[in-house]
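Asker: Chains as they are written, first to last, in the working numbering: chain Y, 321 to 727; chain P, 321 to 727.
We put the beta carbon where it would ideally sit given N, CA and C, even for glycine.
There's a structure below that I have some questions on.
Number of protein chains: 2
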Amino acid sequence: MALRPAPRTDVNRSAILARLGAHGPASRADLARALNVSPALMTSLTKDLIADGLLLELDHSPSQGGRPARMLGLVSSAGRAVGVKVVADHVAFVEVGIDGTVRRSASEPFDASATTFLADLTTLLRRFIAGGSREPLLGIGVGVPGSVDRQGNGLVDSAQLGWQQVPIGSTLRREFALPVLVENNVNALAVAERLYGVGRQHENFLVVTIGTGVGAGIVVDGVVLRGNGGGAGEIGHIPVSETGPLCSCGSHGCLESFIGEASLVASARERGVIGAGSGMAALRAAADAENPEATAIFSEAGHRLGRALAGVVHTLDPEIVIILGEGTAAWKHWSFGFEPALRSALIPSRRGIAVAVETWQDESWAQGAAAIVLATPFDSEGLAGDQGRLVRERLVEQSSPQGDDLL
Amino acid sequence: MALRPAPRTDVNRSAILARLGAHGPASRADLARALNVSPALMTSLTKDLIADGLLLELDHSPSQGGRPARMLGLVSSAGRAVGVKVVADHVAFVEVGIDGTVRRSASEPFDASATTFLADLTTLLRRFIAGGSREPLLGIGVGVPGSVDRQGNGLVDSAQLGWQQVPIGSTLRREFALPVLVENNVNALAVAERLYGVGRQHENFLVVTIGTGVGAGIVVDGVVLRGNGGGAGEIGHIPVSETGPLCSCGSHGCLESFIGEASLVASARERGVIGAGSGMAALRAAADAENPEATAIFSEAGHRLGRALAGVVHTLDPEIVIILGEGTAAWKHWSFGFEPALRSALIPSRRGIAVAVETWQDESWAQGAAAIVLATPFDSEGLAGDQGRLVRERLVEQSSPQGDDLL
DNA sequence: TCGGCTTTGTTCAGAACTAAATAAACATTA
DNA sequence: TAATGTTTATTTAGTTCTGAACAAAGCCGA
Chain Y
321 MALRPAPRTD VNRSAILARL GAHGPASRAD LARALNVSPA LMTSLTKDLI
371 ADGLLLELDH SPSQGGRPAR MLGLVSSAGR AVGVKVVADH VAFVEVGIDG
421 TVRRSASEPF DASATTFLAD LTTLLRRFIA GGSREPLLGI GVGVPGSVDR
471 QGNGLVDSAQ LGWQQVPIGS TLRREFALPV LVENNVNALA VAERLYGVGR
521 QHENFLVVTI GTGVGAGIVV DGVVLRGNGG GAGEIGHIPV SETGPLCSCG
571 SHGCLESFIG EASLVASARE RGVIGAGSGM AALRAAADAE NPEATAIFSE
621 AGHRLGRALA GVVHTLDPEI VIILGEGTAA WKHWSFGFEP ALRSALIPSR
671 RGIAVAVETW QDESWAQGAA AIVLATPFDS EGLAGDQGRL VRERLVEQSS
721 PQGDDLL
Chain P
321 MALRPAPRTD VNRSAILARL GAHGPASRAD LARALNVSPA LMTSLTKDLI
371 ADGLLLELDH SPSQGGRPAR MLGLVSSAGR AVGVKVVADH VAFVEVGIDG
421 TVRRSASEPF DASATTFLAD LTTLLRRFIA GGSREPLLGI GVGVPGSVDR
471 QGNGLVDSAQ LGWQQVPIGS TLRREFALPV LVENNVNALA VAERLYGVGR
521 QHENFLVVTI GTGVGAGIVV DGVVLRGNGG GAGEIGHIPV SETGPLCSCG
571 SHGCLESFIG EASLVASARE RGVIGAGSGM AALRAAADAE NPEATAIFSE
621 AGHRLGRALA GVVHTLDPEI VIILGEGTAA WKHWSFGFEP ALRSALIPSR
671 RGIAVAVETW QDESWAQGAA AIVLATPFDS EGLAGDQGRL VRERLVEQSS
721 PQGDDLL
C-alpha cells in the first residue's frame, strides 16, 4: 500500500554504478532510459560521480543518426564484494569486482553443527578477506540453504544445517563492521541470474536448482519473490505422490524425496547400478556409458521434475525457466524425461515456454551470494533495508576502505 | 530495473480517496502513515481535496494522549464505478460507490459464442449504466475467466469463453469513452479482497476460488502477481495425478478435472447419489443430509485441493489462504478432507498457515471487477497503465460527469 | 553544400516532497 | 493546578526530480 519509495539520491547514484557494472559502458541517454529517470537528472548525477572519481568518460560511440554518444565507464577499482556459501560440511568464498567478475575464491571445511560454528565461520571469513585487495569492501553476502527473515537482518532457519533462528547477520556485522546481507542460496542465485545471466532480458523467470535438494528462486517484475517469511521457492516439498518415502520434512511424497541426490543414489544402489560405496559421480558415469538402468533413473527424475514444474509454471506464468545446480552435470539424461513431461502437462498457451540450462561452476553459489551485495543499488530500500543503504553509502563515499563503526 | 516510479500528484490525491473509501474516515496523521508520506504533504494534499469538495472534515476523535485527531471523510457522491462479470451464458453488472459498497446489480443472459457478442455486451452494459445515478462514473471494470494481456489494454484469451485475442478493452473504450480495465476474474477478486476483505491486513496472500473451475489470485507485497502474459494463478491445471480424465486443456490429471463442478457432479451421478438430471444443488443437499457417498465426494475433492495447495504454499509462502467461489457453499464438506491433507503435506514451519473461507454472494465476481477501477489509485502507474491515469483524472477533476472524448 | 532530421547532452524554472521547527490541543502526574 | 509529555497539524526552507526549451553534433537527401 505504500505509495512512493522515498527518492534517495544515493540509490540513484549507486544504481548507475551497478548498471554499468552489470551491462558495461553506456551513454547518459542509455542510462536515463534504463533507470527510468530524466536525462536532466542523469547529467547532474554523472557529473557528481565523475568528479568523485567513480566514473570516467570513454570515447564516443558511432552515431546512430544523431549526435554520437559519449560513453561512460566504471572506474573498476571502485569496490569489491565478498560472497559466502554455507553448507553443512564446508564454506566457500569468492571475491568479486564491482562488475561481478570473480577475482579469487576459496573453499574450507566447516562443521555447521559444531557448537563453535559462528566463531569458526568468522575466523575463516576473516582470513579470506585479509588476503584480498585494498579496494573498499562494499559488504558481505551470505547464501544459506534455508529461510532468512530479511536480507538485512539475517536470522536463519535451516533444517539442512540444523539451525534455528541463528543470527548470522548480526554476528558478522558485529565482527566485521561491514554491511552484511544474508539470503537463501537459491534466491541469491536468482539475483545473480537477474544481474549477469539470462535473467537480464527477462522480468519474470524461475531459477530451479537440482542437486542435493531441489529449490526455486522466483523473480517477478524484476525482483525476487520472498514470500511472507522469506520462505518462497520451497518447491522441493511440493507433494507429487500420495505415497512415497518419508521426507526430511516429516511428510510423504515430496518432490525432493524422489529426485534429490540422496534418493537417486539410493535407488541406483538398490538396482545394482553402482556399488554401496559409490555416489553420484559413479551414477553419472554409468549413465554416460549408456547403462539403461542409470539413464532410466535420471529420466524418471526428469519426468517428476517436469510435471512438478508444470504446476509451478501454471501458478506463476514465467517467461523462462533456468535450470542450475550441481545436478545439471547430468542434465542430458534428465532432459530425456523432463521435456515431454513438462510440455505435455502444460496448457497449450504455455507449452512453448523457454527452458535454459546454464553451465555450472563450483563457485556459482558463492558468486550468487556476492551478487546480493552488488544488487542493493537496485533495491530501492525494499529487500535489503538498512544494510542496503550502508552498502550504497560505502560505494558512494568510498573514503573509508574498512573499519568504520557502522553496524 | 526501474528505479523510481514517477511521483505524480494525482496518484497521491486519489490514493487518499481510495484509502478513505476502503478503510473509512481517518485523520491526516493516519493517512500520512498509511500512505507512507510526510505529514506536511498530507496537510497540503487534503487542503486541496477539501477545497475541491471531495473530502470533508468530520468531528474530532477522542484524544489518545495528545491533540485529538480531526477526522476526514469522503464526500460519498464523489464517484461510482461499474463492474462486469462475463461468463459463457450470462453477464452480471454491479454499480458500486466510491467506498466499494454495492448500490445495485443486474444479471442478463448472454451468449459469449454468438458472433455479435461484442455488440450484445455493449448494449447490455449501456442499458445498465443508463439506469444509474448521476454521479461521475469513474470507469468500467470487466472480469473474465481467462488471461488478459494488460489491465489497461484488455485483450482477452479465454478457453472457457471460446475467445482468442478479443479486444474487449478497446471496444468498450471506444463505445463508452470511459476508462475500461479488464482483468482475469480471480485476480479481480484478489484485488477486492485486498481492498475490502481479509487481505487488508496482509501483504502476501492467496485467493483460491472453487466452483465451475479452480483458480487462484496471488497477492505479493500488496499487489496482484500477473506473470508474464497475465496468466498467473492457473492452479486448475496443476498436474495432480499421472493418470486421470482428459482435461479441457488437452492434458491428463489436472486438478480441475478432478475437483471442478462438472467432475463432482459426474462422479455423483456415476455413484448414483443424484439422478441424471440433477446437478450440484442436489449433490450438496445429499451431503447436507449426510449421504456418505456425497460427503465422500466432497471430502475427496478437499483432499486433492489440500495437497495441491500445499505445493502452491511451498512455492509462494503466503500469510493466509482465502477460499472463495460458488463452491464454498459446500465447504464444510470439503474441509473434512482439505484440512488434514493440506496440513500434513506442509513442512513444519508452514503447517499453521491460516485458511479463511469467506461468505460468497452472487454479485461477488462483478464486485471484484469494479474493485479494479477503485484500486487504480494504488497502482502507481503499474498495472492499469494509461487507463489508471484516466481513472485518477476523472476522480480528481470530477467536473465532467460523462462523455468527454478521452480514450 | 545546405537545409532537414535525429539523437545526445545541458540549462533552467518550477513541481513534488521531506525534514525540522513550531503551534495546537489534549492527557497524565506530581 | 502547574509541569511534563504526547499526538496532531501547519509552516518554512531546502532537496530532488521533471519537463521543456535549447545547444551540440552527427547523419542524409537534394
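Count the other C-beta atoms from every protein chain shown that fall within 10 angstroms of the C-beta of residue 351 of chain P, then say buried if there are 16 or more, exposed otherwise.
Answerer: Translated into positions along the second sequence, residue 351 of chain P becomes position 31. By the neighbour-count rule (16 or more Cβ atoms within 10 Å), residue 351 of chain P is buried.
Asker: With a cut-off of 8 Å on the beta carbons, I'd call residue 468 of chain Y and residue 504 of chain Y a contact; round off their distance for me.
Answerer: For the purposes of this step, residue 468 of chain Y is taken as residue 148 along the first sequence, with counting starting at 1. For the purposes of this step, residue 504 of chain Y is taken as residue 184 along the first sequence, with counting starting at 1. Sure, about 6 Å apart at Cβ, within 8 Å.
Asker: When you compare each of P:554, P:507, P:357, P:518 to residue 675 of chain P by their alpha carbons, which one comes out closest?
Answerer: Position 355 of the second sequence, counting from 1, holds the residue named residue 675 of chain P. Comparing alpha-carbon positions, the option among P:554, P:507, P:357, P:518 lying closest to residue 675 of chain P turns out to be P:518.
Asker: Beta-carbon of residue 323 of chain P versus every beta-carbon of chain Y: anything under 7 Å?
Answerer: The count along the second sequence starts at 1 and reaches residue 323 of chain P at position 3. Only weak support is given to the placement of residue 323 of chain P: the predicted model assigns it a pLDDT of 41, under 50, and the value that follows is read from those uncertain coordinates. Yes, because at least one Cβ of chain Y sits closer than 7 Å to the Cβ of residue 323 of chain P.
Asker: How would you list, in chain order, the residues of chain Y whose beta-carbon sits under 7 Å from the beta-carbon of residue 559 of chain P?
Answerer: On the second sequence, position 239 is the one that residue 559 of chain P refers to. Residues of chain Y passing the Cβ test: 627, 630, 631, 665.
Asker: Which residue spans inside the region 411-488 of chain P form an unbroken alpha helix (DSSP H) run of at least 4?
Answerer: 437-450
Asker: Please report how far the alpha carbon of residue 571 of chain Y lies from the alpha carbon of residue 459 of chain P, in whole angstroms.
Answerer: What you label residue 571 of chain Y is simply residue 251 of the first sequence in a count that begins at 1. What you label residue 459 of chain P is simply residue 139 of the second sequence in a count that begins at 1. Cα-Cα distance, rounded: 49 Å.
Asker: Name the chain P residues whose beta carbon is nearer than 7 Å to that of residue 392 of chain Y?
Answerer: In the first sequence, the residue the question calls residue 392 of chain Y occupies position 72. Those do not exist, as residue 392 of chain Y stays about 17 Å from chain P at its closest Cβ, beyond 7 Å.
Asker: Since residue 687 of chain P and residue 403 of chain P should fall inside the 8 Å C-beta cutoff, what is the C-beta to C-beta distance between them, to a whole number of angstroms?
Answerer: Residue mapping note: residue 687 of chain P aligns to position 367 of the second sequence, counting from 1. Residue mapping note: residue 403 of chain P aligns to position 83 of the second sequence, counting from 1. That belief holds up - the Cβ atoms of residue 687 of chain P and residue 403 of chain P are roughly 6 Å apart, short of 8 Å.
Asker: Output the distance between the C-alpha atoms of residue 657 of chain Y and residue 552 of chain P, rounded to the nearest integer angstrom.
Answerer: Here residue 657 of chain Y refers to the residue found at position 337 when the first sequence is read from its first residue. Here residue 552 of chain P refers to the residue found at position 232 when the second sequence is read from its first residue. Distance between the alpha carbons of residue 657 of chain Y and residue 552 of chain P: 25 Å.
Asker: Any idea what DSSP makes of residue 345 of chain Y, helix, strand or coil?
Answerer: To locate residue 345 of chain Y, count along the first sequence from 1; it is residue 25. Coil at residue 345 of chain Y, not helix or strand.
Asker: Taking only beta-carbon positions, decide if residue 744 of chain P is within less than 7 Å of chain Y.
Answerer: Past the edges of chain P, shown from 321 to 727, lies residue 744 of chain P, and the structure says nothing about it.
Asker: Please state whether the Cβ-Cβ distance between residue 514 of chain P and residue 560 of chain P is less than 7 Å.
Answerer: Walking along the second sequence from the start, residue 514 of chain P turns up at place 194. Walking along the second sequence from the start, residue 560 of chain P turns up at place 240. Going by C-beta atoms, residue 514 of chain P is not nearer than 7 Å to residue 560 of chain P.
Asker: Anything in the region 537-553 of chain P with a Cβ closer than 9 Å to a Cβ of chain Y? List those residues in chain order, please.
Answerer: 538, 540, 541, 542, 543, 545, 546, 547, 548, 549, 550, 551, 552, 553
Asker: With a cut-off of 8 Å, do at least 3 Cβ pairs link the region 419-438 of chain P to the region 394-409 of chain P?
Answerer: yes
Asker: Quick one: give me the first and last residue of the alpha helix (DSSP H) that residue 627 of chain Y is part of.
Answerer: Taking the first residue of the first sequence as position 1, residue 627 of chain Y is located at position 307. Where residue 627 of chain Y is concerned, the enclosing alpha helix (DSSP H) stretches over 612-636.
Asker: Does the beta carbon of residue 524 of chain Y sit closer than 7 Å to a beta carbon anywhere in chain P?
Answerer: To locate residue 524 of chain Y, count along the first sequence from 1; it is residue 204. Closer than 7 Å to some Cβ of chain P, the Cβ of residue 524 of chain Y qualifies, so yes.
Asker: Of all the beta strand (DSSP E) runs that stay within the bounds of the region 653-690 of chain P, which reach a length of 3 or more residues?
Answerer: Runs found: 674-677.
Asker: Near residue 573 of chain Y, which residues of its chain fall below 7 Å by C-beta distance, leaving aside the five closest residues on each side in sequence?
Answerer: For the purposes of this step, residue 573 of chain Y is taken as residue 253 along the first sequence, with counting starting at 1. Result list for residue 573 of chain Y: 559, 560, 561, 562, 563, 564, in chain order.
Asker: Extract the residue ranges of the alpha helix (DSSP H) inside the region 535-586 of chain Y, only unbroken runs of 4 or more that lie entirely within it.
Answerer: 575-579
Asker: With three or more C-beta pairs closer than 8 Å as the rule, is the region 630-646 of chain Y touching the region 619-638 of chain P?
Answerer: yes
Asker: Identify the contact partners of residue 659 of chain P in chain Y, using a Cβ-Cβ distance below 7 Å as the criterion.
Answerer: Within the second sequence, numbered from 1, the residue matching residue 659 of chain P stands at position 339. The contacting residues do not exist; residue 659 of chain P stays about 15 Å from chain Y at best.
Asker: Would you identify the three-state DSSP class for residue 596 of chain P, choosing helix, strand or coil?
Answerer: Translated into the one-based positions of the second sequence, residue 596 of chain P becomes position 276. Residue 596 of chain P: coil per DSSP, three-state reduction.
Asker: Ignore the nearest five residues each way along the sequence and tell me which others in residue 649 of chain P's own chain have a CB closer than 8 Å to its CB.
Answerer: Reading the second sequence from its first residue, position 329 is the one you call residue 649 of chain P. If we look at residue 649 of chain P and ignore the five residues flanking it on each side, its Cβ neighbours are 604, 680.
Asker: Chain P beta carbons: is any one of them nearer than 7 Å to that of residue 639 of chain Y?
Answerer: Residue numbering aside, residue 639 of chain Y sits at position 319 when the first sequence is read from its first letter. Yes, residue 639 of chain Y counts as interfacial toward chain P.
Asker: Among P:439, P:435, P:641, P:408, which residue has its Cα nearest to the Cα of residue 429 of chain P?
Answerer: Start at 1 with the first residue of the second sequence, and residue 429 of chain P comes out as number 109. Taking only the C-alpha atoms, the option nearest residue 429 of chain P is P:408.
Asker: Buried or exposed, going by whether 16 or more other CB atoms sit within 10 Å of the CB of residue 405 of chain P?
Answerer: Walking along the second sequence from the start, residue 405 of chain P turns up at place 85. Counting the other Cβ atoms within 10 Å of the Cβ of residue 405 of chain P gives 16 or more, which makes it buried.
Asker: Residue 669 of chain P touches chain Y at which residues, Cβ-Cβ below 8 Å?
Answerer: By 1-based counting over the second sequence, the position of residue 669 of chain P is 349. What residue 669 of chain P touches in chain Y: 467, 477, 549, 551.
Asker: Grouping DSSP H, G and I as helix and E and B as strand, with all else coil, what is residue 711 of chain P?
Answerer: Against the second sequence, residue 711 of chain P aligns to sequence position 391. It is helical.
Asker: Excluding five sequence neighbours on each side, which residues of the same chain lie with their C-beta closer than 6 Å to the C-beta of residue 533 of chain P?
Answerer: In the second sequence, counting from the first residue as 1, residue 533 of chain P sits at position 213. Excluding residues within five positions, the ones whose Cβ falls inside 6 Å are 556, 576, 580.
Asker: Listing by chain order, which chain Y residues have their CB less than 8 Å from the CB of residue 728 of chain P?
Answerer: Since the first and last residues shown for chain P are 321 and 727, residue 728 of chain P lies out of range.
Asker: Please confirm whether residue 555 of chain P has its beta-carbon closer than 7 Å to some beta-carbon of chain Y.
Answerer: In the second sequence, the residue the question calls residue 555 of chain P occupies position 235. It does: the Cβ of residue 555 of chain P has a partner Cβ on chain Y nearer than 7 Å.
Asker: In this structure, how does DSSP classify residue 502 of chain Y when only helix, strand and coil are distinguished?
Answerer: As a working note, residue 502 of chain Y is residue 182 in the first sequence. If DSSP states are grouped into helix, strand and coil, residue 502 of chain Y belongs with the strands.
Asker: Below 8 Å, how does it come out for the region 519-526 of chain Y and the region 634-642 of chain Y: are there three or more Cβ pairs, yes or no?
Answerer: yes
Asker: Is residue 345 of chain Y closer than 7 Å to residue 417 of chain Y when the C-beta atoms are compared?
Answerer: Counting from 1 along the first sequence, the entry for residue 417 of chain Y is found at position 97. Counting from 1 along the first sequence, the entry for residue 345 of chain Y is found at position 25. In this structure, residue 345 of chain Y does not lie closer than 7 Å to residue 417 of chain Y by Cβ.
Asker: Have a look at the DSSP bridge pairing and note the partners of residue 375 of chain P.
Answerer: Here residue 375 of chain P corresponds to residue number 55 of the second sequence, with the count starting at 1. BP columns for residue 375 of chain P point to P:394.
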